[in-house]
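Encoded as structure tokens, the structure appears first; notes follow it.
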Amino acid sequence: MDQYAVFGNPIKHSKSPFIHTLFANQTQQQMSYGIVEAPVDGFTEAVQAFFNSNAKGCNITAPFKEEAFQFAQSLTDRARLAGAVNTLKKTDDGLIIGDNTDGAGLVLDLKNNHVNLTDARILLLGAGGAARGVCSSLLAETPAKLTIANRTFEKAETLASIFKELGNISASGFNDLSGPFDLIINSTSAGLHGSLPNISTSLITPETAIYDMTYNAEVTAFNAWAKENGARLTIDGLGMLVGQAAESFAIWRGVKPGAKQVLTELRHNLA
Ligand code: ATR
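Residues 1 to 271 (full-length UniProt numbering) make up the sequence shown, in order.
Shown next, in the form of structure tokens:
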């Protein structure tokens, strides 16, 4: 049976095996999908051993996405721009290709939630790895503008310069932002530290949709804050998790699974 896995550390609580097993059932693919907790200093050895054992592909999550980028023998354009790889695939010729499906997963989930991206004014909060992973996919939807705002302005500037050939992208500090925005995406890790990105509530209007790339069993702190301040719609990142998985699955198996039913089951299990 074709073998797949997700690599990370820690990885025990990963939802990827659950998601990919449902996808495989749904599309009647014969495959197994496990987890590999590589030592923090031993990713390359672990992934090499995995592919030596004839495995077909894997997902990579924190803290190994940059190392997976180095490990890949060939990269897709979007992975090269992201500087990180979340999907490795071994071709029939034995070549290991690195891709990044995070941005496609986000766009898929936004579309499933009927959020329009074409000609939209988009604000992306944060300029770390999570933000960099989604910029090319957002720009491919031809928004009117994509503003990257970060607590540390210089990092936002760096991201804007990496992606400037792909569309109307600019950098800002949190204090210099002026709206309105149709969509605000939170990619910061502020919520993990129990805080919120320090932006003005005036950026949220009754037309603003909010996407928080994190998720938990409750409403995320950022989405609760946005809702209190009048956002029209708040979405958390669970659908992006399913979306990026669906894109990886399609790369490996050549068939695109449906995300909706899997997302419903996953949400049910979170509660
Ligand atoms: P990830 O891979 O999850 O993006 P990262 O590369 O460490 O993680 O980036 C974390 C992002 O969250 C950064 O944009 C960081 O802002 P700085 O570049 O100024 O550090 C942002 N972030 C973390 N805590 C934050 C907070 N309390 N308020 C605002 N932004 C925060």
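C-beta atoms are modelled at their ideal positions from N, C-alpha and C, and glycine is treated no differently.
Residue i, buried or exposed, once every other Cβ within 10 Å from all chains shown has been counted against 16
i: N116; result: exposed
i: G230; result: exposed
i: S74; result: exposed
i: Q244; result: buried
i: D236; result: buried
i: V47; result: buried
i: G105; result: buried
i: A195; result: One point to set straight first is that residue 195 is Ser, not Ala, in the sequence displayed. Counting Cβ neighbours within 10 Å, S195 comes out exposed, since fewer than 16 surround it.
i: A144; result: exposed
i: L241; result: buried
i: A120; result: buried
i: T142; result: exposed
i: D77; result: exposed
i: N150; result: buried
i: D93; result: exposed
i: L270; result: exposed
i: A5; result: buried
CA nearest to the CA of residue i, picked from the options
i: D2; options: R253, L110 and A226; result: R253
i: P39; options: I199, A24 and A62; result: A62
i: residue 273; options: N175, H193, T188 and T220; result: In the structure as shown, the chain starts at 1 and stops at 271, and residue 273 therefore has no counterpart that could be examined.
i: K164; options: N186, R132 and N150; result: R132
i: E66; options: A84, E45 and N112; result: A84
i: D99; options: L192, S137, D109 and A49; result: S137
i: G258; options: A49, T21 and I148; result: T21
i: N112; options: T44, G239, E45 and M213; result: G239
Simplified DSSP assignment, three categories, for residue i
i: G173; result: strand
i: I204; result: coil
i: D99; result: strand
i: K89; result: strand
i: G34; result: strand
i: Q28; result: coil
i: G8; result: strand
i: D77; result: helix
i: G239; result: helix
i: K145; result: strand
i: I60; result: strand
Separation of residue j from residue i, as counted between CA atoms
i: Y211; j: E247; result: 19 Å
i: E218; j: F69; result: 33 Å
i: S170; j: Q30; result: 45 Å
i: K89; j: F71; result: 12 Å
i: E154; j: K227; result: 30 Å
i: L263; j: G8; result: 22 Å
i: Q261; j: I11; result: 24 Å
i: Y33; j: T91; result: 18 Å
i: R80; j: L95; result: 17 Å
i: G57; j: D41; result: 21 Å
i: F51; j: I184; result: 39 Å
i: T201; j: N86; result: 34 Å
i: G167; j: G179; result: 19 Å
i: I60; j: L159; result: 22 Å
i: T234; j: N54; result: 42 Å
i: M213; j: K256; result: 22 Å
*Could you tell me whether the stretch 187 to 203 touches the stretch 120 to 127, where touching means 3 or more Cβ pairs closer than 8 Å?*
yes
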